[in-house]
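Engineer: Okay, here's the structure, questions in a sec.
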Amino acid sequence: MVRFEAVGLRYPGGGPHTGSWGPEALVDVTFALPPGSFTWLLGPSGAGKSSVLRLMHLALRPTRGEVEVLGLRSSRAPRAALAPVRRRIGVVFQDFRLLPYLSAFDNVALPLRLAGRPEASLRADVNEILKWVGLDGKAASLPPELSGGEQQRVAIARAVVHRPALLVADEPTGNLDNRQARRLLALLREMNRMGATVVVATHDEDLVARFPAPALVLRDGRLHDPDGARGIGADLTVDRFAPHPDAAEADDLAPEPPPPTAPPRRDPDLGDRRSPDLG
1 MVRFEAVGLR YPGGGPHTGS WGPEALVDVT FALPPGSFTW LLGPSGAGKS
51 SVLRLMHLAL RPTRGEVEVL GLRSSRAPRA ALAPVRRRIG VVFQDFRLLP
101 YLSAFDNVAL PLRLAGRPEA SLRADVNEIL KWVGLDGKAA SLPPELSGGE
151 QQRVAIARAV VHRPALLVAD EPTGNLDNRQ ARRLLALLRE MNRMGATVVV
201 ATHDEDLVAR FPAPALVLRD GRLHDPDGAR GIGADLTVDR FAPHPDAAEA
251 DDLAPEPPPP TAPPRRDPDL GDRRSPDLG
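Given below as structure tokens:
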């Protein structure tokens with residue numbers, strides 16, 4: 001599903017077109033996440049969490065090492081091979097990244113329209129997802145007319161409307177109060193129960209305590225294993241969340257999931273082709 005092997009990542013340094021590179025943002029990061037798992041990605045600001053997530057959703061390629069996502073080895077794949085795999089990945093950003101001039105409905109529908117779905121067939125899916133996140137009455141609202149929690153739920157709906165196999169969230173509760181954060185995590189938990197592999201980056205210790213799950217811990221771009229319970233490079237096998245005494249409260253905040261649908265069609269492994277292209 002997701003595999004990092006001795007991954008290093010550098011960003012360009014010294015200004016554009018200089019050909020120089022900065023220090024490594026990630027250093028020898030190795031782990032594997034099985035399908036259907038939920039994993040926390042923990043660490044202080046600047047530890048490299050966002051870099052790991054960007055590699056996962058194929059916004060970056062590693063400088064060295066190997067990243068494999070949904071059967072695609074990104075460091076070796078031609079640029080044309082990235083797009084079909086990206087369509088199987090959902091991304092939730094801390095700052096929502098909604099288009100302010102589009103309604104909640106149109107923001108959620110955007111991935112389906114870009115994928116070429118006919119308007120008649122996507123309408124039911126978008127309305128179903130908006131109902132699932134509790135915003136069926138806000139479909140016509142523009143993002144500036146919504147609260148922070150409502151905007152984040154629109155962002156989640158947009159990330160999951162195409163039933164992704166992999167869902168990554170980068171500090172998704174950073175702009176939310178405690179109740180909104182618990183509701184958001186309840187939605188992500190439900191996506192995990194429906195079969196998606198979910199990775200959530202956060203530094204919210206209270207949230208992690210409420211929803212125990214395997215964790216990757218980053219410091220200074222390196223993967224750490226502070227409690228000795230998880231060896232670096234070991235599969236982090238997890239079926240679902242272990243219950244926490246306070247977790248039921250968040251479960252009560254989650255709407256009923258949409259009716260089960262057929263799982264997303266799996267693309268065949270796109271192979272081991274080398275390309276110097278970055279895309």
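Residue 199 in the UniProt record's numbering is what sits at position 199 of the sequence shown, and the numbering runs on without skipping anything.
Heads up, the beta-carbon is just placed ideally off N, CA and C, and yes, glycines get one too.
1. Hey, how far is the Cα of R265 from the Cα of A81?
2. Please report the residue range of the alpha helix (DSSP H) in which P12 lies.
3. Within the chosen definition, does the stretch 101-115 reach the stretch 156-164 through at least 3 CB pairs nearer than 8 angstroms?
4. If you follow the beta strand (DSSP E) that R97 is part of, which residue opens it and which one closes it?
5. Report all residues from its chain with a CB closer than 8 angstroms to the CB of V208; omit the five preceding and five following residues, and keep chain order.
6. Cutting at 6 angstroms between CB atoms, please list the residues of its own chain near P143, excluding the five before and the five after it.
7. Using the Cβ count rule (16 or more neighbours within 10 Å means buried), how would you classify E190?
8. Which of the three DSSP states is assigned to residue 280 in this structure?
9. Pull up the CB-CB distance for Q94 and P44, whole angstroms please, since I reckon it's below 8 angstroms.
10. What residue does the alpha helix (DSSP H) around G22 start on, and which one ends it?
11. Shortest alpha-carbon distance to A25 belongs to which of F38, Y11, A32, L33?
12. I'd like the list of long-range same chain contacts for T63, defined as Cβ closer than 8 angstroms, with 5 residues on each side in sequence excluded.
13. Assign N192 to buried or exposed, taking buried as 16 or more other Cβ atoms, counted over all protein chains shown, within 10 Å of its Cβ.
14. Assign G48 to one of three DSSP states: helix, strand, or coil.
15. Just checking my contact of I89 with P164 at CB under 8 angstroms: how many whole Å lie between their CB atoms?
16. Taking DSSP as the reference, what is the three-state secondary structure of G65?
17. Return yes when the Cβ of A59 is within less than 8 angstroms of the Cβ of D28, no when it is not.
18. CB-CB under 6 angstroms to L122, same chain, minus the five flanking residues each way: which ones, in chain order?
19. Please report the distance separating the alpha-carbon of E68 from that of R54.
20. DSSP beta-bridge partners for V216?
21. Do you know offhand how far R76's Cα is from N127's?
22. Could you pull out every residue in the same chain whose Cβ sits closer than 7 angstroms to the Cβ of V161, ignoring the five residues on either side in sequence?
23. Report, in whole angstroms, the separation of the C-beta atoms of G148 and L176, which I expect to be a contact under 8 angstroms.
24. Assuming G148 is part of the alpha helix (DSSP H), what are its boundary residues?
25. So, is G221 buried or exposed, given that buried needs 16 or more other C-beta atoms within 10 angstroms?
26. How many Å lie between S50 and A140 at the Cα?
27. If the criterion is Cβ atoms closer than 8 angstroms, does the pair R87 and A115 meet it?
28. Spell out the partners DSSP gives L166 in its beta bridges.
29. What three-state label does DSSP hand R76 in the structure shown?
Structural biologist: Straight from the coordinates:
1. Here residue 265 refers to the residue found at position 265 when the sequence shown is read from its first residue. Here residue 81 refers to the residue found at position 81 when the sequence shown is read from its first residue. Bear in mind that a pLDDT of 37 at R265, under 50, signals an unreliable position, so the number given afterwards is only what the model happens to contain. Each residue's alpha carbon lies about 16 angstroms from the other.
2. Locating residue 12 in the sequence shown gives position 12, where the first residue counts as 1. Segment 2-12 is the beta strand (DSSP E) holding P12; no alpha helix (DSSP H) there.
3. yes
4. On the sequence shown, position 97 is the one that residue 97 refers to. Here R97 belongs to no beta strand (DSSP E), and DSSP marks it neither H nor E.
5. In the sequence shown, counting from the first residue as 1, residue 208 sits at position 208. Correct list, in chain order: W40, L42, T202, A215.
6. Locating residue 143 in the sequence shown gives position 143, counting from the first residue. Here the set comprises L98, P100, Q151.
7. In the sequence shown, the residue the question calls residue 190 occupies position 190. So E190 ends up on the buried side.
8. Any question about residue 280 goes unanswered here, given that the chain covers just 1 to 279.
9. By 1-based counting over the sequence shown, the position of residue 94 is 94. By 1-based counting over the sequence shown, the position of residue 44 is 44. Incorrect: roughly 15 angstroms between the Cβ atoms, too far for contact.
10. In the sequence shown, counting from the first residue as 1, residue 22 sits at position 22. First-last for G22: 21-33, but that is the beta strand (DSSP E), not the alpha helix (DSSP H).
11. Here residue 25 is taken as the residue at index 25 of the sequence shown, counted from 1. Nearest C-alpha to A25: Y11.
12. The sequence position of residue 63 within the sequence shown is 63, counting from 1. Hits under 8 angstroms: G8, L9, R10, W21, E24.
13. Start at 1 with the first residue of the sequence shown, and residue 192 comes out as number 192. Counting Cβ neighbours within 10 Å, N192 comes out buried, since at least 16 surround it.
14. In the sequence shown, the residue the question calls residue 48 occupies position 48. In the structure shown, G48 sits in coil (DSSP, three-state: anything other than H, G, I, E or B).
15. Within the sequence shown, the letter at position 89 stands for residue 89. Within the sequence shown, the letter at position 164 stands for residue 164. 5 angstroms between Cβ atoms; contact.
16. The sequence position of residue 65 within the sequence shown is 65, counting from 1. Strand at G65.
17. By 1-based counting over the sequence shown, the position of residue 28 is 28. By 1-based counting over the sequence shown, the position of residue 59 is 59. Not a contact, by the Cβ cut-off of 8 angstroms.
18. Residue mapping note: residue 122 aligns to position 122 of the sequence shown, counting from 1. Contacts found: A109, L112.
19. Position 68 of the sequence shown, counted from the first residue, corresponds to residue 68. Position 54 of the sequence shown, counted from the first residue, corresponds to residue 54. The straight-line gap from Cα to Cα measures roughly 13 angstroms.
20. In the sequence shown, residue 216 corresponds to position 216, counting from 1. Per the sequence shown, the amino acid found at residue 216 is Leu instead of Val. L41.
21. Looking up residue 76 in the sequence shown gives position 76. Looking up residue 127 in the sequence shown gives position 127. For R76 and N127, the distance between alpha carbons rounds to 38 angstroms.
22. If you number the sequence shown from 1, residue 161 lands on position 161. Answer for V161: V108, P111, L112, D125, V126, I129, listed in chain order.
23. Locating residue 148 in the sequence shown gives position 148, counting from the first residue. Locating residue 176 in the sequence shown gives position 176, counting from the first residue. Confirmed, about 6 angstroms.
24. What you label residue 148 is simply residue 148 of the sequence shown in a count that begins at 1. Residues 148-160.
25. Within the sequence shown, the letter at position 221 stands for residue 221. Burial call: buried.
26. The residue you call residue 50 lines up with position 50 of the sequence shown. The residue you call residue 140 lines up with position 140 of the sequence shown. Straight-line Cα distance between these residues: approximately 32 angstroms.
27. On the sequence shown, position 87 is the one that residue 87 refers to. On the sequence shown, position 115 is the one that residue 115 refers to. The Cβ-Cβ distance between R87 and A115 falls below 8 angstroms.
28. The sequence position of residue 166 within the sequence shown is 166, counting from 1. Partner(s): I89, T197.
29. Residue mapping note: residue 76 aligns to position 76 of the sequence shown, counting from 1. Reduced to three states, the DSSP call for R76 is coil.
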